[in-house]
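Residue numbers (the UniProt record's numbering): 1 to 109. For every residue, glycine included, the Cβ atom is placed at its ideal position computed from N, Cα and C. Since the structure comes first, as structure tokens, the remarks are kept for the end.
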């Protein structure tokens, strides 16, 4: 029955989040930023993940598009930080797959 399904808009939002995290490097970047809980330069992130700056920048672009990561201009540089608002509204894959209630995404996520 359709009424038993997660509503389509929420499912599409979650799907975009899961697509953004479908790469292990992006998962590592989000976890690194979340663990350090402060804005970081691309250079700091590059040093942590050990990839080229252009590759890290492409991953950061994808993460900022879904708002897992926020960007802050600092002079001519850009610093990145995890979006704390998303921590509360991002469901675990196990919760959704196992039919547990999933939080409703908010505009900040």
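Considering only the alpha carbon of each residue, which of the options lies closest to residue i?
i: residue 71; options: 86, 20, 41, 50; result: 41
i: residue 81; options: 13, 47, 31, 50; result: 31
i: residue 53; options: 99, 68, 29, 75; result: 29
i: residue 64; options: 46, 48, 49, 86; result: 86
i: residue 14; options: 92, 99, 100; result: 92
Return the CA-CA distance between residue i and residue j, expressed in angstroms with no decimal places.
i: residue 79; j: residue 44; result: 10 Å
i: residue 35; j: residue 51; result: 19 Å
i: residue 84; j: residue 73; result: 18 Å
i: residue 1; j: residue 7; result: Because residue 1 sits at a pLDDT of 49, beneath the cut-off of 50, its placement in the model cannot be relied upon, and the following sentence gives the value as read from the coordinates. Cα to Cα, residue 1 sits roughly 12 Å from residue 7.
i: residue 22; j: residue 38; result: 24 Å
i: residue 57; j: residue 76; result: 15 Å
i: residue 19; j: residue 96; result: 15 Å
i: residue 27; j: residue 98; result: 22 Å
Tell me, which residues are paired with residue i by DSSP?
i: residue 73; result: 78
i: residue 40; result: 80
Residue j and residue i - do their beta-carbons sit closer together than 9 Å?
i: residue 25; j: residue 55; result: yes
i: residue 69; j: residue 60; result: yes
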